[in-house]
Structure formats: C-alpha cells, structure tokens
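**Student:**
2 protein chains.
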Amino acid sequence: MEMKATAVTPTTLKAACSQCNLRELCLPFGLTGHEIDRLDELVGTKRKIRRQHQLYRAGDEFEAIYAIRAGSFKTDVLLEDGREQVTGFQMTGEILGLDGISSEAHSCNATALEDSEVCIIPFSKLEELSREVESLQHQFHKVMSREIVRDHGVMMLLGSMRAEERLAAFLLNLSKRFMARGYSPAEFHLRMTRDEIGSYLGLKLETVSRAFSKFQDEGLVAVHQKHIRIIDLEGLKRLLTHCAKHT
Amino acid sequence: MEMKATAVTPTTLKAACSQCNLRELCLPFGLTGHEIDRLDELVGTKRKIRRQHQLYRAGDEFEAIYAIRAGSFKTDVLLEDGREQVTGFQMTGEILGLDGISSEAHSCNATALEDSEVCIIPFSKLEELSREVESLQHQFHKVMSREIVRDHGVMMLLGSMRAEERLAAFLLNLSKRFMARGYSPAEFHLRMTRDEIGSYLGLKLETVSRAFSKFQDEGLVAVHQKHIRIIDLEGLKRLLTHCAKHT
DNA sequence: TCATAGGGTTGACGTGGATCAAAGTGGGAC
DNA sequence: GTCCCACTTTGATCCACGTCAACCCTATGA
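Taken in order, these protein sequences are the chains called A and B.
Per our numbering, the very first residue in the first sequence carries number 310; after that it's consecutive.
Per our numbering, the very first residue in the second sequence carries number 310; after that it's consecutive.
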C-alpha cells in the first residue's frame with residue numbers, strides 16, 4: 310500500500326460549472342443560471358490527480374473543498390499501527406474535503422483510484438458567496454448533511470450486517486450512483502481492489518472474494534475480476550432485507 | 310425496545326444562549342456578545358423530553374435542529390427487519406438533527422436516555438442569520454464537519470477494531486466528553502444499556518458485558534452496573550494502540 | 001414482606017469470517 | 001513474445017464473537 314508523494318499537476322484551466330454536465334449532482338444543483346455564473350467565478354482552477362496519488366492527506370492544512378470532475382477517489386483514515394479504514398469511495402459530482410472544516414486540517418487521506426480531475430473550491434470564498442446566495446448556502450448544507458446520512462448508512466452496514474449483505478448493499482449503492490450519472494446500473498467496472506472494498510466493508514479481501522464467487526454461483530452477478538454485471542437486481546435486494554434471520 | 314409515543318412537553322421558556330454555560334461547546338462558540346444576542350432571538354422555545362421518549366423519528370418532517378441543554382440522547386436507524394443500529398450518543402451542548410437537512414426529513418430516531426431538555430433552533434432562521442453573521446455560519450459548518458469526522462471515527466472502530474479496543478475507545482471518548490463539560494473524566498454514570506452500547510459498537514450485549522468484566526479483572530476500570538470508574542487511563546489507551554497485533 | 005421485571009453477568013457451545021497457504025490470472029514493461 | 005508483479009481465487013484450519021441458557025442483582029410497588 311505504498312503511496313507516491315502528492316504529485317500535483319497544476320492546471321490553469323478554469324472550471325465552469327455552467328458548462329459542466331455534472332451540475333445536477335454537484336454544488337450548483339438548484340441554482341439559477343445567474344447564480345451558477347457567480348459560482349463559476351469562485352471555483353478556482355482544476356487539478357489533475359494521477360492514479361494512486363493523493364489529493365490531500367490527513368494533517369494537511371484545510372483551505373478548499375473539491376468537486377470531482379472526472380475519475381474517482383477513496384478516502385481513508387489510518388491508525389498509528391498501520392490499520393487502514395476506507396471511509397468512502399467518491400465518484401464524479403461528489404464533494405471531497407468536508408472533513409477538514411472542523412479543525413482547519415484534513416482528517417483523512419483522499420487518493421485517486423484512477424487518473425482524475427477535481428475542481429478546487431476555496432472554502433472561505435464559498436462561505437462568502439453562500440452568505441449572499443441563499444440557494445447555494447442551502448445546497449451546501451444539503452451536501453454536508455447527505456454525507457452524514459451516508460455515514461450512518463455505513464455504520465448500519467458495519468455494525469449490523471453480515472458479509473454478504475454488506476457486499477450486496479455495496480453493489481446496489483454503486484449501481485444506483487452509476488445510474489444517476491447516466492451509466493449502466495447493471496454493468497460497471499470497479500475502480501478499487503478487493504482489499505479496499507474489504508476495508509470499507511469491514512471484511513478481509515478473501516471474504517469479499519468469496520462473497521463475489523457465491524453471488525456468481527447463485528446467478529446474482531457475473532464477476533470477471535473488476536468487471537461486474539448485475540444479473541438479478543431483485544435477488545440482491547432480497548438478500549439485503551431478508552437474509553436477516555435471527556435477532 | 311418498545312417506545313412511548315413522542316410525548317412533547319411544550320415549554321414557553323425562551324432559551325438564552327447568552328446565559329447558557331454550554332455556549333463554549335455549542336453553536337455560540339466563537340461569537341461575540343452581540344452576535345450571541347442575535348442567536349438568542351432566533352433560538353425558539355425549549356422542549357423537555359422524558360426518558361425513553363423521542364425528540365424526532367425517522368421520516369418526521371425536518372424543520373429545526375436541536376441543541377441539548379440538559380440530559381442525553383441516542384440516535385439510531387432501523388432496518389425493515391427490525392435490526393437497530395445506534396449511530397451515536399449525544400450529550401449536553403451537542404447538536405441533534407443535522408441528518409434531516411439533506412432530504413427535509415429526519416433519517417434517524419433521536420431518543421432521550423434520561424429526562425432531557427433541548428433548545429429548538431428553527432433551521433430556516435438559522436440559515437438566514439448565518440447569512441448575516443459570518444462567525445455563526447462558520448461555527449455551524451464546523452459543527453457539521455465535526456459530525457462527519459466523528460462518524461469516520463466510528464467507521465474505523467466498527468471496521469477495524471476488535472471488541473475490547475472498541476469498548477476502550479468508547480470509554481475514552483466518553484471520558485473526554487465528560488471532562489469537557491466539567492465532570493470527572495474518571496468516574497461517570499452510563500446512561501445507556503449494554504444492549505445500546507453493543508449496538509453502537511457492533512457487538513452483542515454479552516460481549517460488551519464480558520469486555521467490561523475483563524477490564525475490571527485487569528484493573529483498568531471499576532464497573533458497577535452503569536457506574537464506571539476509570540482506574541488506569543493509560544492502560545486503556547495502550548489497549549487501543551497496541552492491542553493491534555496481526556495485520 | 002415478597003413478587004415481578006428489566007437489566008446484567010457468566011458459562012458452554014457453535015459459527016462466520018479471519019488467517020494461512022498455495023495456485024491462478026491478466027496487464028504492463030521491455 | 002515472455003517475464004513480472006500485483007491482484008485474485010480457493011481451500012484448510014482457527015478463533016473471536018455470537019448464540020443459547022441459566023442465574024443474579026436492584027428497583028419498584030402491591
């Protein structure tokens with residue numbers, strides 16, 4: 310799990326929310342054309358992050374949040390003894406860096422799972438503009454709240470579900486998010502390793518692998534390394550709500 | 310786990326942040342005297358919640374967040390099949406209800422662990438005022454971000470720690486929070502049952518009970534039902550960082 | 001005073017997932 | 001092409017925690 314140093318590829322290109330096809334998923338959601346123009350002024354340059362490189366790491370000074378324009382990321386926290394917990398996987402249109410607001414320093418690492426690009430949103434400027442633009446303020450609050458709700462879902466998963474339920478929930482969640490982005494909800498490519506999935510789901514990679522194999526045997530999904538095809542969506546959902554016996 | 314209906318005891322008493330000894334922990338943190346006065350105007354009435362009664366439940370319309378003035382709460386989410394996941398325990402000065410912003414409806418239940426009292430903060434008014442008062446806006450953002458960071462800590466706990474580490478982390482966290490409120494960090498009364506602790510930590514109540522007994526045998530804490538006295542704080546901390554062997 | 005009930009503790013036993021080990025797969029470098 | 005290396009799969013075994021069951025403790029109230 311060795312990580313290359315944070316190699317920043319600075320870009321002078323300005324982002325342009327108004328032109329971005331992700332605006333319905335991202336911070337500009339619900340803003341009027343004029344308001345989006347104002348957001349455009351605020352959003353700084355973009356930044357490219359190569360696969361396996363880090364956008365920020367725990368302890369880095371916080372000064373901006375990031376909207377993913379292309380690619381995908383994982384966020385994780387490390388324990389002193391080296392144990393890693395992946396806290397999330399983020400895709401296009403999602404916001405990274407909210408963890409840094411509370412202490413003016415980032416509390417986790419954000420690593421690109423593939424060559425990616427983010428829009429840099431200087432936080433103090435965002436606060437400034439959201440004092441003027443009510444809809445931006447509200448949308449930003451929703452984004453933060455959504456992150457809290459998502460985290461509660463992960464707690465549910467980690468605290469109360471068995472291995473196969475966790476993986477089913479994970480696949481269904483990915484499927485939904487791919488669909489929201491106009492991709493096939495039934496067929497996609499995993500950007501993360503079994504080990505990273507395992508860390509996220511509180512399982513070992515072998516267990517993740519076995520669960521994939523089991524799903525395949527049962528005709529729920531077709532798994533080919535990182536390529537996933539969901540064959541029986543309803544079956545996966547059933548696994549989630551009914552597999553729960555005892556307790 | 311039967312719950313009494315949300316029995317609201319309405320109170321006409323106005324809250325007064327400016328008089329509140331929790332203001333250094335709560336939303337008014339960092340505000341000037343004058344700014345706190347403005348917050349006072351916004352904060353609505355207080356509300357008393359009896360032990361085991363609910364402040365809000367999943368699905369309830371969202372219109373306010375709540376600052377705990379006295380007492381303590383748990384928040385939990387329920388799965389269709391009845392499984393419960395406690396997502397947090399909240400004490401005085403902490404904010405409840407942030408989960409509701411994202412979808413205009415609460416996504417979890419908040420239940421008083423003892424007779425408690427909250428300040429009602431109408432959310433639209435809070436947004437309004439925080440457009441005017443920069444320090445309030447910033448403090449509110451910090452509160453939300455802190456919740457996200459806290460949640461990541463719980464994920465770490467649930468995803469990567471063994472039973473005794475989880476309980477040690479839980480006790481250390483409580484200790485710190487009691488201390489921040491001017492209570493003894495070494496001796497306190499648990500407001501929640503073993504079952505609720507177990508749900509929070511992703512363990513069964515028997516496992517929680519055994520871990521308490523083990524800590525007691527090892528001279529780390531003195532446990533008497535819900536009364537806890539931490540004898541060897543360093544020992545508990547050591548458990549957390551070193552107990553980790555393999556992996 | 002005893003009865004009842006809701007926690008809490010403890011023991012015996014079972015099992016889901018971790019661990020250890022070995023072999024398979026595919027993509028990239030040259 | 002073919003070598004390499006990181007990742008994945010699969011099997012055998014182990015063990016931490018769950019499950020089931022009995023008992024205990026304390027509080028409350030007739």
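Heads up, the beta-carbon is just placed ideally off N, CA and C, and yes, glycines get one too.
Going by alpha carbons, who is nearest to A/S425 out of A/Y375, A/D526, A/D385 and A/L438?
**Tutor:** For the purposes of this step, residue 425 of chain A is identified with residue 116 of the first sequence, where counting begins at 1. For A/S425, the nearest C-alpha among the options comes from A/Y375.
**Student:** DSSP puts B/N418 in a beta bridge; with which residues?
**Tutor:** On the second sequence, position 109 is the one that residue 418 of chain B refers to. B/N418 pairs with B/D385.
**Student:** Straight-line CA distance for B/L435 to A/E515?
**Tutor:** One-based indexing of the second sequence puts residue 435 of chain B at position 126. One-based indexing of the first sequence puts residue 515 of chain A at position 206. Whole-angstrom Cα-Cα distance: 48 angstroms.
**Student:** Quick check on this structure: which residue in A/L405, A/R471, A/L476 and A/H415 has the alpha carbon closest to the alpha carbon of A/L387?
**Tutor:** To locate residue 387 of chain A, count along the first sequence from 1; it is residue 78. Ranking A/L405, A/R471, A/L476 and A/H415 by Cα distance to A/L387 puts A/H415 first.
**Student:** Hey, is B/V386's beta-carbon within less than 7 angstroms of any beta-carbon in chain A?
**Tutor:** The residue you call residue 386 of chain B lines up with position 77 of the second sequence. So yes, B/V386 belongs to the interface.
**Student:** Could you give the DSSP three-state label for A/G402: helix, strand or coil?
**Tutor:** Position 93 of the first sequence, counting from 1, holds the residue named residue 402 of chain A. The answer is coil: DSSP assigns A/G402 none of H, G, I, E or B.
**Student:** May I have the straight-line CA-CA distance separating A/L476 from A/A520, to the nearest angstrom?
**Tutor:** In the first sequence, counting from the first residue as 1, residue 476 of chain A sits at position 167. In the first sequence, counting from the first residue as 1, residue 520 of chain A sits at position 211. For A/L476 and A/A520, the distance between alpha carbons rounds to 7 angstroms.
**Student:** Please go through the stretch 333-377 of chain A and give each complete alpha helix (DSSP H) segment of 4 or more residues, from N-terminal end onward.
**Tutor:** Within the stretch 333-377 of chain A, the complete alpha helix (DSSP H) runs of at least 4 residues are 342-351.
**Student:** Run through chain B and tell me which residues come within less than 8 angstroms of A/C417, C-beta to C-beta.
**Tutor:** In the first sequence, residue 417 of chain A corresponds to position 108, counting from 1. The answer, in chain order, is H461.
**Student:** B/S425 lies in the beta strand (DSSP E); which residues open and close that run?
**Tutor:** As a working mapping, residue 425 of chain B is identified with position 116 in the second sequence. Looking at the DSSP string, the run of the beta strand (DSSP E) that includes B/S425 is S425 to P431.
**Student:** Could you compute how far the alpha carbon of A/I358 sits from the alpha carbon of A/A379?
**Tutor:** The sequence position of residue 358 of chain A within the first sequence is 49, counting from 1. The sequence position of residue 379 of chain A within the first sequence is 70, counting from 1. Between A/I358 and A/A379, the C-alpha separation is close to 10 angstroms.
**Student:** Relative to the C-alpha of B/T550, which residue among A/D385, A/T354, A/I345 and A/E389 is closest?
**Tutor:** Numbered from its first residue, the second sequence carries residue 550 of chain B at position 241. Checking every option, the nearest Cα to that of B/T550 belongs to A/E389.
**Student:** For the stretch 448-477 of chain A, enumerate the residues whose C-beta is nearer than 7 angstroms to any C-beta of chain B, in chain order.
**Tutor:** From the stretch 448-477 of chain A, only H450, K451, M453, S454, R455, E456, I457, V458, D460, H461, V463, M464, M465, L467, G468 and S469 have a Cβ closer than 7 angstroms to chain B.
**Student:** I'd like the span of the alpha helix (DSSP H) that includes B/I410, first residue to last.
**Tutor:** As a working note, residue 410 of chain B is residue 101 in the second sequence. First-last for B/I410: undefined, no H or E at that position.
**Student:** Among the candidates A/K535, A/D504 and A/K451, whose CA atom is the shortest distance from the CA of A/G339?
**Tutor:** Numbered from 1 along the first sequence, position 30 holds the residue referred to as residue 339 of chain A. Nearest of A/K535, A/D504 and A/K451 to A/G339, Cα basis: A/K451.
**Student:** Residues of chain B with CB closer than 8 angstroms to the CB of A/Y486, please, in chain order.
**Tutor:** Working through the first sequence from its first residue, we reach residue 486 of chain A at position 177. Reading off the sequence shown, one finds Arg at residue 486 of chain A, where the question assumed Tyr. Those do not exist, as A/R486 stays about 15 angstroms from chain B at its closest Cβ, beyond 8 angstroms.
**Student:** Could you tell me which of A/R547, A/L499 and A/D504 sits nearest to A/I537, measuring between CA atoms?
**Tutor:** Counting from one through the first sequence, the residue named residue 537 of chain A turns up at place 228. When only C-alpha atoms are compared, the closest one is A/L499.
**Student:** Mark B/T420 as exposed unless 16 or more other C-beta atoms lie within 10 angstroms of its C-beta, in which case mark it buried.
**Tutor:** Translated into positions along the second sequence, residue 420 of chain B becomes position 111. B/T420 is buried by the Cβ-count criterion.
**Student:** From B/G397 to B/T384, what does the alpha carbon distance come to, in whole angstroms?
**Tutor:** The residue given as residue 397 of chain B occupies position 88 in the second sequence. The residue given as residue 384 of chain B occupies position 75 in the second sequence. Computed Cα separation, rounded: 5 angstroms.
**Student:** Could you check whether the stretch 359-370 of chain A touches the stretch 523-535 of chain A, counting it as contact only if at least three pairs of C-beta atoms, one from each stretch, sit closer than 8 angstroms?
**Tutor:** Counting Cβ pairs under 8 angstroms, fewer than three are found: no touch.
**Student:** Applying a beta-carbon distance threshold of less than 9 angstroms, which residues of chain A neighbour B/E402?
**Tutor:** As a working note, residue 402 of chain B is residue 93 in the second sequence. As written in the sequence, residue 402 of chain B is Gly, which differs from the Glu given in the question. Under the 9 angstroms cutoff, chain A gives no residues; its nearest Cβ is about 15 angstroms from B/G402.
**Student:** Where does B/R490 fall in DSSP's three states?
**Tutor:** Counted from its first residue, the second sequence places residue 490 of chain B at position 181. In this structure, B/R490 counts as coil in the three-state DSSP scheme.
**Student:** Our contact map puts A/G511 next to B/G468 with C-beta atoms below 8 angstroms; I'd like the distance itself, whole angstroms only.
**Tutor:** Reading the first sequence from its first residue, position 202 is the one you call residue 511 of chain A. Reading the second sequence from its first residue, position 159 is the one you call residue 468 of chain B. Indeed, because the Cβ distance is near 4 angstroms, the residues count as touching under 8 angstroms.
**Student:** Output, in chain order, the set of chain A residues within a Cβ distance shorter than 9 angstroms of B/Q399.
**Tutor:** Looking up residue 399 of chain B in the second sequence gives position 90. Residues of chain A passing the Cβ test: none, with the nearest at roughly 13 angstroms.
**Student:** Can you look up A/G397 in the DSSP assignment and give me helix, strand or coil?
**Tutor:** Position 88 of the first sequence, counted from the start, is the residue given in the question as residue 397 of chain A. Of the three classes helix, strand and coil, the one that applies to A/G397 here is strand, per DSSP.
**Student:** So with Cβ pairs under 7 angstroms, would you call B/E350 a contact of chain A?
**Tutor:** The residue given as residue 350 of chain B occupies position 41 in the second sequence. Chain A, which has no Cβ nearer than 7 angstroms to the Cβ of B/E350, makes this no.
**Student:** What three-state label does DSSP hand B/R392 in the structure shown?
**Tutor:** Within the second sequence, residue 392 of chain B is the residue found at index 83, counting from 1. Coil at B/R392, not helix or strand.
**Student:** Out of curiosity, what's the CA-to-CA distance linking A/G287 and A/Y492?
**Tutor:** This structure cannot settle anything about residue 287 of chain A, because the visible part of chain A is limited to 310 through 556.
**Student:** Kindly indicate which residue of B/H343, B/N482 and B/K355 has the alpha-carbon position closest to the one of B/I429.
**Tutor:** Position 120 of the second sequence, counted from the first residue, corresponds to residue 429 of chain B. Of the listed residues, the one whose Cα sits closest to B/I429 is B/K355.
**Student:** Which two residues bound the contiguous beta strand (DSSP E) that contains B/R538?
**Tutor:** Reading the second sequence from its first residue, position 229 is the one you call residue 538 of chain B. B/R538 -> beta strand (DSSP E) spans H536 to I539.
**Student:** Quick one: Cα of A/E311 to Cα of A/S508, how far?
**Tutor:** Reading the first sequence from its first residue, position 2 is the one you call residue 311 of chain A. Reading the first sequence from its first residue, position 199 is the one you call residue 508 of chain A. Interpretation of A/E311 is limited by its pLDDT of 40, a score under 50 that renders its predicted location unreliable; the figure taken from the coordinates is listed afterwards. Between A/E311 and A/S508, the C-alpha separation is close to 16 angstroms.
**Student:** Taking the runs of the beta strand (DSSP E) that are 3 residues or longer, which of them lie wholly in the stretch 500-549 of chain B?
**Tutor:** Within the stretch 500-549 of chain B, the complete beta strand (DSSP E) runs of at least 3 residues are 530-533 and 536-539.
**Student:** Identify the residues that DSSP records as bridge partners of A/E496: which are they?
**Tutor:** Position 187 of the first sequence, counted from the first residue, corresponds to residue 496 of chain A. DSSP lists A/R538 as partners of A/E496.
**Student:** Among the residues of its own chain, which have a CB less than 6 angstroms from the CB of A/R360, if the five just before and after it don't count?
**Tutor:** As a first step, residue 360 of chain A must be located in the first sequence, where it is residue number 51. These residues qualify, in order along the chain: A421, E423 and D424.
**Student:** Among B/F432, B/Q394, B/C417 and B/A478, whose alpha-carbon lies nearest the alpha-carbon of B/G353?
**Tutor:** Here residue 353 of chain B corresponds to residue number 44 of the second sequence, with the count starting at 1. For B/G353, the nearest C-alpha among the options comes from B/F432.
**Student:** Is there a Cβ from chain B that is less than 7 angstroms from the Cβ of A/T516?
**Tutor:** For the purposes of this step, residue 516 of chain A is taken as residue 207 along the first sequence, with counting starting at 1. It does not: the Cβ of A/T516 has no partner Cβ on chain B nearer than 7 angstroms.
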